[in-house]
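Protein chains in written order, with the working numbering: chain P, 1 to 112; chain A, 1 to 112; chain S, 1 to 112; chain V, 1 to 442; chain R, 1 to 442; chain L, 1 to 442.
Yeah, the Cβ is synthetic: ideal placement off N, Cα and C, and Gly gets one too.
The model shown is predicted, which means the values in this text are computed figures rather than measured ones.
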Amino acid sequence: MKKIEAIIKPFKLEDLKNGLTAIGVKGMTISEVKGFGRQKGHSEIFRGAEYRVDFVPKVKIEVVVETDLVEKVVQTIVSATNTGSIGDGKVFILPVEGAVRIRTGERDADAI
Amino acid sequence: MKKIEAIIKPFKLEDLKNGLTAIGVKGMTISEVKGFGRQKGHSEIFRGAEYRVDFVPKVKIEVVVETDLVEKVVQTIVSATNTGSIGDGKVFILPVEGAVRIRTGERDADAI
Amino acid sequence: MKKIEAIIKPFKLEDLKNGLTAIGVKGMTISEVKGFGRQKGHSEIFRGAEYRVDFVPKVKIEVVVETDLVEKVVQTIVSATNTGSIGDGKVFILPVEGAVRIRTGERDADAI
Amino acid sequence: MKKKLLLVLLLLFWAVPVFAGDEPPTVESNAAAIALVQTHADYVWTLVAAALVFFMQAGFAMVETGFTRAKNAVNIMMKNLMDFCMGSIFYWAFGFALMFGVNSTGFFGTTGFFLSDFTPGGDPWVLAFWMFQVVFAATAATIVSGAMAERTKFVSYLIYSAIVSAFIYPIFGSWAWGGLFHGGGWLEKLGFIDFAGSTVVHSMGGWISLAGAIALGPRIGKYTKDGKVKPIPGHNLPLAALGVFILWLGWFGFNPGSTTAANKDIAMIFVNTNLAAAAGAITALIAAWKLFGKPDAGMALNGVLAGLVAITAGCANVTPLSSIIIGAIAGVLVVLSVIFFDKIHVDDPVGAISVHGMNGAWGTLAAGIFNIGGTSAGMIGVQLLGIATCFAWSFGTGMILFAILKKTIGLRVTPEEEMEGLDFGEHGATAYPDFQASTTLS
Amino acid sequence: MKKKLLLVLLLLFWAVPVFAGDEPPTVESNAAAIALVQTHADYVWTLVAAALVFFMQAGFAMVETGFTRAKNAVNIMMKNLMDFCMGSIFYWAFGFALMFGVNSTGFFGTTGFFLSDFTPGGDPWVLAFWMFQVVFAATAATIVSGAMAERTKFVSYLIYSAIVSAFIYPIFGSWAWGGLFHGGGWLEKLGFIDFAGSTVVHSMGGWISLAGAIALGPRIGKYTKDGKVKPIPGHNLPLAALGVFILWLGWFGFNPGSTTAANKDIAMIFVNTNLAAAAGAITALIAAWKLFGKPDAGMALNGVLAGLVAITAGCANVTPLSSIIIGAIAGVLVVLSVIFFDKIHVDDPVGAISVHGMNGAWGTLAAGIFNIGGTSAGMIGVQLLGIATCFAWSFGTGMILFAILKKTIGLRVTPEEEMEGLDFGEHGATAYPDFQASTTLS
Amino acid sequence: MKKKLLLVLLLLFWAVPVFAGDEPPTVESNAAAIALVQTHADYVWTLVAAALVFFMQAGFAMVETGFTRAKNAVNIMMKNLMDFCMGSIFYWAFGFALMFGVNSTGFFGTTGFFLSDFTPGGDPWVLAFWMFQVVFAATAATIVSGAMAERTKFVSYLIYSAIVSAFIYPIFGSWAWGGLFHGGGWLEKLGFIDFAGSTVVHSMGGWISLAGAIALGPRIGKYTKDGKVKPIPGHNLPLAALGVFILWLGWFGFNPGSTTAANKDIAMIFVNTNLAAAAGAITALIAAWKLFGKPDAGMALNGVLAGLVAITAGCANVTPLSSIIIGAIAGVLVVLSVIFFDKIHVDDPVGAISVHGMNGAWGTLAAGIFNIGGTSAGMIGVQLLGIATCFAWSFGTGMILFAILKKTIGLRVTPEEEMEGLDFGEHGATAYPDFQASTTLS
Ligand SMILES: Nc1ncnc2c1ncn2[C@@H]1O[C@H](COP(=O)(O)OP(=O)(O)O)[C@@H](O)[C@H]1O
Ligand SMILES: Nc1ncnc2c1ncn2[C@@H]1O[C@H](COP(=O)(O)OP(=O)(O)O)[C@@H](O)[C@H]1O
Ligand SMILES: Nc1ncnc2c1ncn2[C@@H]1O[C@H](COP(=O)(O)OP(=O)(O)O)[C@@H](O)[C@H]1O
């Protein structure tokens with residue numbers, strides 16, 4: 001089992017959700033994050049003084065899937081969220097050693 | 001060392017916190033997330049037009065513990081947050097290769 | 001490749017960002033979290049009744065780097081965010097099995 | 001220019017209808033014209049005051065929303081908006097007639113339904129007076145929404161607000177104030193003093209709030225199994241503070257406007273209203289500081305309102321110094337009262353019972369005690385009678401009304417809906433969709 | 001004390017300038033003094049009403065901000081603030097003269113630019129009247145900002161607001177209201193009834209809103225490729241509700257203040273205004289409940305405004321009962337109209353077209369239908385003529401204005417800026433930096 | 001009906017107490033009755049204006065809260081609420097007497113403590129006048145809370161507000177305005193012009209703000225080690241904008257109400273007030289646009305206030321055109337001044353020093369320069385003398401007061417508390433518990 005974390009541009013979330021459900025992903029968890037990277041932030045003004053905002057709003061998607069699905073999920077994420085412009089984001093793959101569905105106590109494959 | 005991530009229903013957080021502290025867990029980190037899964041979202045109306053809200057508010061708990069504690073922690077989480085209804089959430093177990101306590105520089109077991 | 005997660009005091013974020021960029025880290029992702037640990041929360045009052053707030057605001061930094069950089073990054077984080085007082089936070093190191101840059105499809109080392 | 005001329009003509013015309021407009025003025029025509037100008041001033045003042053009292057609806061909405069949770073903000077706004085709308089229509093249809101219609105029995109009026117006292121071309125004073133009275137009726141009604149916040153079915157609340165504005169408020173009102181128009185009630189005949197409504201409006205609302213809070217029971221999670229109070233902090237204290245400022249402003253219409261005449265009396269009423277509010281805030285702040293170790297903001301805000309409610313009965317017949325004393329006592333009273341009702345597990349999210357009920361009673365008593373013309377056992381007795389009658393009537397009818405609603409369409413939303421929030425459950429809405437909620441106060 | 005004496009003297013002095021101040025009063029001097037006191041009351045009432053109408057600017061700002069997204073909140077506030085500022089200056093320079101200057105043709109006035117009608121020492125009535133009129137002009141202008149929200153270039157909006165206040169609004173206004181001062185227009189000569197501006201102010205703003213919304217096109221994401229409506233929920237409904245309360249308050253200046261005189265007529269206007277608003281909210285709520293299954297908050301708020309707009313034309317010449325009917329119909333009309341404009345993909349974020357345009361027209365028609373003095377085909381005809389003329393003029397000139405802006409400096413921000421929000425793009429600002437935004441409504 | 005009769009009687013009764021109520025009117029009784037009606041109009045206008053000025057407290061609270069951080073929102077609300085409450089009580093006890101009591105020396109009054117000038121049954125004008133004056137005193141006091149925001153101990157602020165309302169403000173006030181009642185000060189005797197208080201109220205508040213900001217030092221993180229300005233953006237700009245709208249509304253009481261009489265003069269004052277505010281916003285916007293490349297919202301809001309402050313002194317003795325010029329200059333001045341004070345590291349979170357101090361001075365000077373009756377070196381001299389005296393007095397006494405507070409109970413909270421926020425530290429509260437805070441601005 002792997003956990004796939006993707007950091008994407010917020011307005012791409014819906015496309016991503018649709019893409020993943022289309023390939024049979026049953027669930028995912030998202031959160032509001034802020035990103036720092038090649039895509040620079042911008043300067044704002046408050047009552048006459050300028051300040052930098054270096055962190056850009058992003059959305060993080062976490063989806064845990066069985067290992068054999070990983071490549072497909074990654075492909076789907078990339079194609080659903082790629083705009084070709086700086087700041088599109090990243091996908092990271094992390095190992096997962098176990099999963100439990102709280103409602104039923106089911107484990108691993110059955111849990112997701 | 002493992003990191004246990006649990007996605008739960010927000011109103012269960014306090015029970016979970018009490019459960020974990022009861023078994024000697026010293027710390028944890030939580031965050032506001034939104035979930036997508038079997039538990040469907042709902043439709044809302046704004047000035048006469050309907051729209052779907054597919055993501056359900058959830059709370060994510062991250063707790064890093066030594067390997068031998070994992071099973072106990074998982075059990076505690078499940079029993080503290082299970083309501084038997086769809087959307088109770090998931091528990092995921094991820095490997096952790098190291099930990100540092102910033103205040104002291106202590107490592108691994110001593111860090112948590 | 002490893003993912004380094006640090007839970008820090010919010011006001012230390014800027015120092016941390018500067019520290020990491022100084023050692024050549026190109027990107028990172030941050031999120032608002034709440035922490036529970038040795039640093040106790042506090043009590044508040046609302047219209048005459050007291051209640052405990054056990055969770056303390058923290059910021060979580062996630063940075064994925066190549067394995068050989070890990071130690072340097074951890075050092076930088078600790079020195080940038082250490083204040084010596086309870087609640088400074090933790091650093092966790094997790095394995096990462098792959099990375100993709102959504103914009104280009106570049107993989108692993110090239111992705112970050 | 002032509003305007004002023006026109007006015008002179010108009011004045012003369014009004015004043016001496018028998019002569020043509022270009023008749024030269026006489027002493028008599030002047031006297032009549034003077035009275036007419038005074039009447040115009042009375043209209044302006046009464047209606048400007050009514051507008052200020054109307055604005056109190058916004059104040060209540062802000063205070064109640066600020067003191068409750070984000071997930072119920074839309075519902076509370078809607079309750080505060082719609083109870084005024086329902087109240088306006090039902091007070092127009094029934095309430096005003098019951099309160100100010102010709103009243104042979106002394107128990108309620110029987111004429112003037114649907115504003116039938118007004119006929120085009122006739123004296124429009126009934127309209128100015130109605131306008132001032134309808135905002136009072138709506139005030140009494142809206143007080144209750146705060147105490148019943150975060151758990152009441154919207155449709156049941158709408159029905160409640162219609163009934164209160166149409167019957168419960170006006171009938172008691174006719175006993176104390178009917179004589180201000182065509183009516184005349186038994187209580188006023190005994191010399192009951194309640195100039196602007198500490199009892200008629202505020203205690204009324206407060207005691208119905210008590211009935212509502214009891215009928216509903218506390219919000220989920222407000223009291224732990226072992227009986228401890230678990231406060232549910234309000235989600236927007238700046239909004240609550242804005243609401244209090246708006247209410248204070250509105251009270252400058254509520255109290256001085258109750259003269260329904262532009263005269264010199266309004267000066268003392270303004271000063272008394274302001275001093276009582278200030279004193280109430282200060283003593284509430286000090287009391288909270290002593291009791292809880294911190295100058296609690298919510299209590300200071302309640303203290304302002306307590307002072308305002310308490311001076312409402314006596315604002316025209318006590319001195320400024322007495323007003324400070326009355327307000328100061330109100331500020332302490334509200335703090336103790338809030339603690340008391342929490343202790344007995346009556347869950348009143350905004351403190352409506354303590355602010356309006358308790359301090360309405362205190363203010364009514366104080367109007368007797370501090371009366372400029374001196375006080376007497378008899379006077380105090382009548383005040384106490386009025387206070388007791390108001391409690392019996394409003395708490396009693398309130399209990400009956402809520403019991404009926406409970407039995408029929410139901411009074412409280414389901415636990416699931418209450419957890420998720422009434423904004424979604426009742427209105428399918430979210431108050432703040434662009435902000436990440438914090439669900440983890442814990 | 002000395003104050004009152006001083007007043008008597010002052011009065012006599014003003015009244016009979018020929019005599020010295022210590023001359024004994026005469027019947028004539030008294031008559032003049034009475035007229036003067038009445039004039040003072042007129043000034044006070046007209047200017048207090050103007051202040052209330054001014055406050056409607058805050059109401060519009062709150063409603064529009066509450067009904068749109070957090071990322072555009074600063075921009076909307078700025079538009080609502082600056083259009084009033086631009087309007088004040090341009091109405092002072094040009095608008096007032098075109099609307100109320102001496103008007104030989106019946107099409108626009110030609111005297112009184114830069115308030116030149118006023119000379120120190122002269123009759124200041126022109127100033128009181130200007131003050132009351134400028135807040136009306138600004139109301140017409142600011143209505144449009146809501147319909148054009150979340151996508152309009154700030155600089156283009158500033159230019160628009162100047163043009164509307166200087167030319168578009170005043171020229172039509174001179175046709176209907178010029179006779180209130182030095183002017184006199186063809187429409188009022190036909191007997192067109194629009195007491196406080198359902199057509200002159202609200203339809204005007206509504207139809208320019210329609211032109212603006214069409215010229216701009218819908219916000220990104222409002223309508224899906226397959227033509228479905230994808231609502232963009234407002235970010236702060238409590239703020240929107242506060243705005244509606246403020247607007248309701250302001251309308252107590254807008255309608256009764258249009259007497260520009262302290263007299264008894266204001267009583268019925270107050271009552272009618274209040275009843276129509278209440279009825280509008282109730283029927284809008286019921287309509288929404290029936291149609292969408294829930295008592296939609298946004299629609300109830302729009303319903304209040306619809307009722308207020310609809311009663312504005314006839315508030316002085318219909319009965320309270322008629323006002324309830326007019327408001328009740330307005331409440332249903334606004335719901336249907338909002339649905340209609342969404343169906344034809346005219347993206348009006350706050351419902352300005354439906355509230356002000358449609359109900360301004362309805363209210364103007366209703367003023368003829370429900371006229372206390374009775375109605376007639378001719379009367380209805382004139383009302384319809386006025387409604388049609390207003391549509392032709394304001395929609396037409398609006399379309400031309402926006403087309404020119406489009407061709408020249410551009411009317412709409414870039415898609416990138418629109419996605420990121422106009423607060424940053426136009427003002428380099430963030431409305432709520434201390435709150436974690438929720439970008440994932442999805 | 002019976003009401004109007006009753007009024008005639010009442011009028012006659014008041015007017016000619018010697019005769020019975022049913023005496024026929026005479027020329028003399030009419031003259032007296034006319035004066036009485038005018039007096040009633042004066043009471044209504046003065047007290048309505050006082051209510052509007054009171055509401056400015058809400059405006060200040062909103063502006064200051066909106067321009068500062070969420071973690072201090074409760075504290076700022078409490079400061080704005082409690083300084084008015086403290087001010088009301090201390091101005092009642094001491095301030096009014098020092099300002100308007102009989103003043104033999106020309107330096108302060110010595111009669112009328114605790115409102116002892118009023119005796120039941122006596123002329124209530126002193127109460128109306130007090131009501132109007134207390135809201136002015138509280139305005140001067142509350143201006144300072146903004147400049148001292150986000151770092152001042154709550155208890156020290158309470159003490160400050162008592163001292164200012166009881167002594168610092170009234171003593172200077174007696175020099176310029178004492179003659180409006182029983183007093184009479186040296187400055188007014190020289191012919192100093194400050195009709196509604198550019199100097200007496202606003203510069204006073206502004207210069208004490210300067211003293212406070214200096215005494216406290218800047219907020220942690222406002223200036224980097226290398227001296228760069230690191231702005232701390234306000235957390236709720238819509239709230240700040242609402243505050244500005246409320247203040248603008250309140251100024252329609254502040255300036256025209258300063259006639260404390262219902263007369264024709266209020267018309268020009270309304271117009272001047274409005275035009276100066278509009279001009280100030282426009283020039284501030286343009287200046288910001290030129291200087292920073294964007295139409296900065298905060299500066300436009302400050303521009304409105306700058307225009308309002310600047311016209312306050314001369315609103316009754318300059319023309320509308322002059323008002324536009326005065327406001328336009330104020331708008332530029334406030335932008336430059338804000339930049340200047342940031343450059344010298346005086347941390348004024350809301351710009352109180354620039355808005356009230358600098359523009360109060362400018363407005364006072366302008367009242368001399370643009371005087372309708374023409375100006376003169378002597379007149380300018382007296383204006384400058386008044387400006388300088390105000391600075392010396394308020395900055396001086398402010399510095400002393402804050403130094404004493406510093407030495408005794410302390411003026412500033414601990415760095416830890418400042419970082420965590422004063423809401424928790426001072427009040428044990430959270431302003432917005434249901435929202436996820438964003439702690440990571442950069
Ligand atoms: N090394 C990293 N570790 C974690 N998150 C990263 C890292 N680098 C980038 N990110 C995340 O990815 C986002 C996009 O990266 P960025 O370099 O801006 O653009 P791109 O991915 O197109 O090169 C950043 O905003 C940040 O949230
Ligand atoms: N594959 C997954 N990866 C990550 N998070 C998931 C996954 N599936 C579900 N979740 C999270 O768990 C929550 C509950 O899952 P859901 O399917 O709705 O109910 P249940 O766990 O009872 O079957 C979801 O809201 C989502 O946050
Ligand atoms: N076992 C854990 N797993 C995950 N996060 C933890 C754990 N222990 C502590 N934390 C996080 O680290 C933060 C600081 O820990 P704490 O014990 O309060 O202070 P310190 O790190 O100085 O000992 C906590 O607020 C929490 O967010």
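Okay, do the segment 26-41 of chain R and the segment 26-36 of chain V touch, 3+ Cβ pairs below 8 Å being the bar?
-> Judged by Cβ distances under 8 Å, the segment 26-41 of chain R makes contact with the segment 26-36 of chain V, as three or more pairs qualify.
Should residue 65 (chain A) be flagged as near chain S, meaning a C-beta pair shorter than 7 Å?
-> Taking the first residue of the second sequence as position 1, residue 65 (chain A) is located at position 65. Not flagged as an interface residue toward chain S: residue 65 (chain A), since no C-beta distance is shorter than 7 Å.
Residue 157 (chain R) at chain L interface by Cβ criterion, 7 Å | Taking the fifth sequence and counting its residues from 1, one reaches residue 157 (chain R) at position 157. So, not an interface residue.
Residue 18 (chain S) burial status per 10 Å Cβ neighbour count (16 or more: buried) | Taking the third sequence and counting its residues from 1, the one referred to as residue 18 (chain S) is at position 18. So residue 18 (chain S) counts as exposed.
What residues in its chain sit with their C-beta under 8 Å from that of residue 448 (chain L), if we drop five residues either side in the sequence?
-> The displayed coordinates of chain L run from 1 to 442. Any statement about residue 448 (chain L) would go beyond what the structure contains.
Assuming residue 119 (chain V) contacts residue 364 (chain V) under a Cβ cut-off of 8 Å, what Cβ separation, rounded to an integer in Å, is found between them?
-> Stepping through the fourth sequence from its first residue, residue 119 (chain V) is reached at position 119. Stepping through the fourth sequence from its first residue, residue 364 (chain V) is reached at position 364. Rounded, the Cβ-Cβ distance is 37 Å, inconsistent with contact.
Applying a beta-carbon distance threshold of less than 7 Å, which residues of chain S neighbour residue 351 (chain V)?
-> The count along the fourth sequence starts at 1 and reaches residue 351 (chain V) at position 351. For residue 351 (chain V), the residues of chain S that pass the 7 Å Cβ criterion are 47, in the order they occur in the chain.
Buried or exposed: where does residue 238 (chain V) fall if 16 or more other Cβ atoms within 10 Å of its Cβ makes it buried?
-> Position 238 of the fourth sequence holds residue 238 (chain V). So residue 238 (chain V) counts as buried.
Partner residues on chain R for residue 69 (chain L), Cβ-Cβ distance less than 9 Å = Mapped onto the sixth sequence, residue 69 (chain L) falls at position 69. Neighbourhood of residue 69 (chain L) in chain R, by CB distance below 9 Å: 433, 434, in chain order.
Taking only heavy atoms of ligand 2 into account, decide whether any of them is closer than 6 Å to the Cβ of residue 283 (chain V).
-> Locating residue 283 (chain V) in the fourth sequence gives position 283, where the first residue counts as 1. Answer for residue 283 (chain V): no, Cβ out of range of ligand 2.
Straight-line gap, residue 214 (chain V) to residue 347 (chain V) (C-alpha atoms, nearest Å) | Residue mapping note: residue 214 (chain V) aligns to position 214 of the fourth sequence, counting from 1. Residue mapping note: residue 347 (chain V) aligns to position 347 of the fourth sequence, counting from 1. Near 8 Å, if we compare the C-alpha coordinates of residue 347 (chain V) and residue 214 (chain V).
What is the DSSP secondary structure of residue 432 (chain R), reduced to helix, strand or coil?
-> Here residue 432 (chain R) corresponds to residue number 432 of the fifth sequence, with the count starting at 1. Reduced to three states, the DSSP call for residue 432 (chain R) is coil.
With a floor of 4 residues, list each alpha helix (DSSP H) that falls wholly inside the segment 66-92 of chain P, ordered by position along the chain.
-> Listed in chain order, they are 70-81.
Show which residues of chain A have a CB atom less than 7 Å away from the CB atom of residue 105 (chain P).
-> The residue you call residue 105 (chain P) lines up with position 105 of the first sequence. For residue 105 (chain P), the chain A residues whose Cβ falls inside 7 Å of its Cβ are 78, in order along the chain.
Just to check, is the beta-carbon of residue 204 (chain V) closer than 6 Å to a non-hydrogen atom of ligand 2?
-> Taking the fourth sequence and counting its residues from 1, the one referred to as residue 204 (chain V) is at position 204. Checking the Cβ of residue 204 (chain V) against ligand 2 gives no.
Whole-Å CB distance - residue 367 (chain R) paired with residue 335 (chain R), under 8 Å assumed = Mapped onto the fifth sequence, residue 367 (chain R) falls at position 367. Mapped onto the fifth sequence, residue 335 (chain R) falls at position 335. At roughly 22 Å, the Cβ-Cβ gap does not stay under 8 Å, so residue 367 (chain R) and residue 335 (chain R) are not in contact.
CB contact below 7 Å: residue 59 (chain S) versus chain A | Within the third sequence, numbered from 1, the residue matching residue 59 (chain S) stands at position 59. No, residue 59 (chain S) lies away from the interface with chain A (no Cβ there is under 7 Å from its Cβ).
Does the segment 56-72 of chain A touch the segment 12-29 of chain A, meaning 3 or more C-beta pairs lie closer than 8 Å?
-> Yes: the two stretches touch, three or more of their Cβ pairs being nearer than 8 Å.
Helix, strand or coil at residue 149 (chain R) [DSSP, three-state] | As a first step, residue 149 (chain R) must be located in the fifth sequence, where it is residue number 149. The three-state secondary structure of residue 149 (chain R), taken from DSSP, is coil.
If you scan the segment 321-380 of chain L from start to end, which runs of the alpha helix (DSSP H) of 4 or more residues do you find wholly inside it?
-> Look at the segment 321-380 of chain L and you find these whole runs of alpha helix (DSSP H), each 4 residues long or longer: 359-369.
Can you grab the Cα-Cα spacing for the pair residue 149 (chain R) / residue 69 (chain L), in whole Å?
-> Numbered from its first residue, the fifth sequence carries residue 149 (chain R) at position 149. Numbered from its first residue, the sixth sequence carries residue 69 (chain L) at position 69. Approximately 27 Å between the Cα atoms of the pair.
Straight-line CA distance for residue 437 (chain L) to residue 10 (chain A)?
-> By 1-based counting over the sixth sequence, the position of residue 437 (chain L) is 437. By 1-based counting over the second sequence, the position of residue 10 (chain A) is 10. If you take the alpha carbons of residue 437 (chain L) and residue 10 (chain A), they lie about 17 Å apart.
Length of the line joining the Cα atoms of residue 115 (chain R) and residue 207 (chain V) = Counted from its first residue, the fifth sequence places residue 115 (chain R) at position 115. Counted from its first residue, the fourth sequence places residue 207 (chain V) at position 207. Roughly 56 Å between the two C-alpha positions.
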